[in-house]
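Worksheet: one structure, shown below.
Residue numbers (the working numbering): -7 to 398.
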């Protein structure tokens, strides 16, 4: 049996622009910390090797110091397992690019880092494993990067585990034609026991015709968006694909690698996620109508590792004046205890008007009776009735405040 870690899309050196300078620097630094954690996880799990399926660097203009810094982290110590790397569409193999800098350019027969520049079979030393690397040489291409593997069919000896290592989009949905499209049955067609892919930033496993998951995207090793917010790429990063803000480039808010175990050639891989990300990105929306703010304050003050969470908290609803006066207390917790870049938006919170204000707005007639009914319905066990009543009360309260003299 062999065991290895599959990772991809480090995007080291990416330019973070959506936060204050200190937060931007820390978010960038977290990507190197997660890289170190990948190496530590490999040692802890005692895997045989690591596969990196492209986009180690965000582009060829990353600082020379970042390019040099990544190498010793991956090289690690003398007794560490080997790591096999291919270039992706953000760091393709081009003259004068990041891969033409030391220490990446030097000959590496004695090193643990193996940068695979050519599409040719690579035997893993001391293991019955052959890797089929598919290095990219341009940002966009109409060619399937895995096509060359067809010239190397599986032999009848049945002793070698075959692993593909590629970067591109599995052709399973409408996609740009130049996004390095990979045939959806590549693993099966080329006789691969596993196809390790990079490019998509979320973990994604794909079944062959026999129902076995042999093809996988590991996702990025460190997050870069607020997944729950659904408002795009929060670091300011963008993909070189023509549809760069597509769903496949939106990670799940945490960073992972895949631990893969294969018993023998043709055996189904066992795949499980391993969390290696440094930071967690979390966007939450809370309706405070009818809630005690003290409970909310306790919730956010007692959460585990807030200093490693970038929190975007959005509040809405209606609060009594006493509760509203404590919003700054909650804001201080978010901004001071959570990772730099965390923030709270309470612009959508309305203060419940006084009885006098409401009477001035609705009068003593029909609208007053409607108000009484809404106050009953807002406590209803019927979620639809409760939601409608809450919305109506918010509108009524907003009108009450807007009609107050300036």
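Glycine residues also receive a C-beta, built at the ideal position from the N, C-alpha and C atoms. Note that the structure is a prediction, hence the values are computed from the model and not measured.
Within 8 Å, strictly: CB atoms of residue i and residue j
i	j	result
residue 138	residue 158	yes
residue 302	residue 269	no
residue 253	residue 265	no
residue 55	residue 88	no
residue 293	residue 250	no
residue 242	residue 193	yes
residue 77	residue 105	yes
residue 343	residue 316	yes
residue 362	residue 385	no
residue 189	residue 45	yes
residue 23	residue 2	yes
residue -5	residue 50	no
residue 372	residue 365	no
residue 0	residue 42	no
residue 179	residue 200	yes
residue 127	residue 97	no
residue 244	residue 272	no
Assigned exposure category for residue i - 16 Cβ within 10 Å defines buried
i	result
residue 35	exposed
residue 108	buried
residue 240	buried
residue 29	buried
residue 150	exposed
residue 256	exposed
residue -7	exposed
residue -3	buried
residue 64	exposed
residue 259	exposed
residue 161	buried
residue 75	buried
residue 80	buried
residue 169	exposed
residue 83	buried
residue 57	exposed
residue 117	exposed
residue 388	buried
residue 297	exposed
Extent of the continuous beta strand (DSSP E) to which residue i belongs
i	result
residue 276	272 to 279
residue 267	262 to 267
residue -6	-6 to -1
residue 125	121 to 125
residue 63	Taken as a continuous stretch (DSSP letters only), residue 63 belongs to no beta strand (DSSP E), being part of the alpha helix (DSSP H) at 56 to 67.
residue 43	41 to 44
residue 238	No beta strand (DSSP E) holds residue 238; DSSP gives it neither H nor E.
residue 249	248 to 254
residue 76	75 to 77
residue 164	Here residue 164 belongs to no beta strand (DSSP E), and DSSP marks it neither H nor E.
residue 105	105 to 107
residue 52	Here residue 52 belongs to no beta strand (DSSP E), and DSSP marks it neither H nor E.
residue 197	196 to 199
Element boundaries [alpha helix (DSSP H), containing residue i]
i	result
residue 205	Where residue 205 is concerned, there is no enclosing alpha helix (DSSP H), although the beta strand (DSSP E) it sits in stretches over 205 to 209.
residue 13	13 to 37
residue 339	No alpha helix (DSSP H) contains residue 339, which is instead part of the beta strand (DSSP E) from 335 to 343.
residue 359	358 to 369
residue 150	Here residue 150 belongs to no alpha helix (DSSP H), and DSSP marks it neither H nor E.
residue 189	Per DSSP, residue 189 belongs to no alpha helix (DSSP H); it is in the beta strand (DSSP E), 186 to 190.
residue 98	No alpha helix (DSSP H) contains residue 98, which DSSP labels as neither H nor E.
residue 323	319 to 329
residue 181	178 to 181
residue 290	285 to 293
residue 315	313 to 316
Cβ shell of residue i (< 6 Å), same chain only, five flanking positions each side left out
i	result
residue 184	154, 156
residue 19	8
residue 52	89, 90
residue 197	205, 208
residue 26	213, 214, 247, 268, 269, 270
residue 171	161, 233
residue 16	8
Own chain, CB closer than 8 Å to residue i, minus 5 neighbours either side, in chain order
i	result
residue 267	246, 247, 248
residue 295	301
residue 326	292, 303, 305, 334, 335, 336
residue 323	336, 338
residue 318	285, 286, 289
residue 341	280, 307, 308, 309, 310, 311, 316, 319
Contact set for residue i: own chain, Cβ-Cβ below 7 Å, skip 5 residues either direction
i	result
residue 321	289
residue 120	151, 152, 153
residue 60	95
residue 263	197, 205, 208, 250, 252
residue 281	309, 310, 382
residue 163	173, 174, 175, 176
residue 103	67
residue 134	169, 170
Contact test: residue i Cβ vs the ligand NAD heavy atom, cutoff 7 Å
i	result
residue 231	Questions concerning the ligand NAD fall outside what the structure shown contains, since it holds no ligand whatsoever.
Could you tell me whether the region 271 to 286 touches the region 61 to 72, using the rule of 3 or more Cβ pairs below 8 Å?
-> Cβ pair count under 8 Å is below three, so no.
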